[in-house]
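Here is the structure we will look at, set down as structure tokens.
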Amino acid sequence: MNFLFDTSALVAHALHLRGVEQVQSAMNRDDAGLFASALSLFELAGVLKREGCGQQIPECWRVYSSGLEIIPVDAGLAQAAWALRESVGQRLPLADAIIAATARARGATLVHRDQHLAALPDSVVPQVRLAAT
Amino acid sequence: MWLAWIEGCRVARLRIQGAAGRAGTPFLDAANPRTKPAAVTTTITGENQVTLPAELVRELGWTAGTRLDWQKLDGNALVARPLPSRGELLRQVMGIARAKPGSDPIADLQRMQEEEDRTL
């Protein structure tokens, strides 16, 4: 089984928010492929800065880049993300469309706490929806 | 215990030592020739692979998937230290930061995504 961690999952992990144990549990799976989109490194840095924790950005980038396979955005993913957004009939923000398409491309279960992604059917992309409350 | 190792055309020996980068975790140390070598020999393949003796791996507590950090020392020697597992590595940043009191960073992120996406 492969897991792709959405930015919301990385934020929950780094900031110890609800769902952090589920995220770490998936990260402990030695038999799993662990992925994140390069976009999530950017978004995570933005969240850390807004929360006054900008000094932790380099360490987070170092560890997540070492422990996870970071998937870059390329032309194929951009096209897949657009096709996904057009097919789901709902407004899916750019970053979420890219991240969901990346999970699909890797055959990975998407781990997140994101309301936009939660609206996607599991038949489109399998998901672990982290508890929000 | 010793493990034969070949570097270039010469044979070096790796010693198992009971201390390492992580406290209490053993590692292979080729540098110290003081310990009497045991008759454990393996050979590097044409693809630079070598099989670690099972007894040695059990003794060290290494498992399939253990990642090793190799360092070349003086005297034709290599040291292999086990790196943390992925899970252990990633746990290093679990809760590395804390959200501001009363803030909801994930909800804020989603609002920002929506705002940035409005014109696309």
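First to last, the protein sequences are chains A and B. The numbers in this note's numbering rise by one with no breaks, and the one at position 77 of the first sequence is 60. The numbers in this note's numbering rise by one with no breaks, and the one at position 1 of the second sequence is 69. Cβ coordinates follow ideal geometry from the N, Cα and C atoms, glycine included.
- Straight-line spacing of the CA atoms in B/D185 and A/G90 works out to 26 Å.
- Taking a C-beta distance under 7 Å as the contact criterion, A/L75 and A/H95 do not qualify as a contact pair.
- Residue pairing for B/L146: DSSP places it in a beta bridge opposite B/K140.
- The alpha-carbon separation between A/L67 and A/A84 amounts to approximately 7 Å.
- A distance below 6 Å between beta-carbons, with the five flanking residues on each side excluded, links A/A(-3) to the following residues of its chain, in chain order: C43.
- A contact between stretches requires three or more CB pairs, one per stretch, nearer than 8 Å, and the segment 162 to 175 of chain B fails this requirement with the segment 50 to 57 of chain A.
- For A/H95, the enclosing beta strand (DSSP E) stretches over residues 91 to 95.
- Below 8 Å, too few C-beta pairs join the segment 137 to 157 of chain B and the segment 21 to 34 of chain A to call them touching: fewer than three.
- Here A/I82 is buried, its C-beta having at least 16 other C-beta atoms within 10 Å.
- Residues of the segment 155 to 182 of chain B with a C-beta atom less than 8 Å from some C-beta of chain A are G155, L157, L158, R159, Q160, V161, M162, G163, I164, A165, R166, A167, K168, S171, P173, I174, D176, L177, Q178, M180, Q181, E182, listed in chain order.
- Of the residues assessed, A/A58 falls on the exposed side of the cut-off, its CB having fewer than 16 other CB atoms within 10 angstroms.
- With distances taken between CA atoms, A/R45 lies nearest to B/L158 out of B/Q178, B/L158, B/G129.
- Close to chain A, meaning a Cβ-Cβ distance shorter than 8 Å, are the following residues of the segment 126 to 138 of chain B: G133.
- The beta carbon of A/A(-8) is closer than 8 Å to those of G2, V6, V94, H95, R96, L113 in its chain, skipping five residues each way along the sequence.
- Taking 7 Å as the Cβ-Cβ cut-off, the segment 66 to 92 of chain A approaches chain B at P76, L77, A78, D79, given in chain order.
- Nearest to A/V71 by alpha-carbon distance, out of A/V107, A/G37, A/Q39, is A/V107.
- Under DSSP, A/V111 shares a beta bridge with A/V94.
- A/A78 is not a Cβ neighbour of B/Q117, given a cutoff of 7 Å.
- Here A/G16 carries a strand assignment [DSSP, helix/strand/coil].
- Per DSSP, the unbroken alpha helix (DSSP H) holding B/E156 starts and ends at 154 to 159.
- Not a single CB atom of chain B sits nearer than 7 Å to the CB of A/L27.
- Contact annotation for B/L188 against chain A: L77 [CB-CB distance below 8 Å, chain order].
- In this structure, the beta-carbon distance from B/L151 to B/R126 does not fall below 7 Å.
- With 16 or more other Cβ atoms inside 10 Å of its own Cβ, A/M10 counts as buried.
- If you compare the alpha carbons of B/Q160, B/R154, B/A165 with that of A/D14, the shortest gap goes to B/R154.
- Counting along the chain, no alpha helix (DSSP H) covers A/E34, and no H or E run does either.
- Assignment of beta-bridge partners to A/F25 by DSSP yields no partner.
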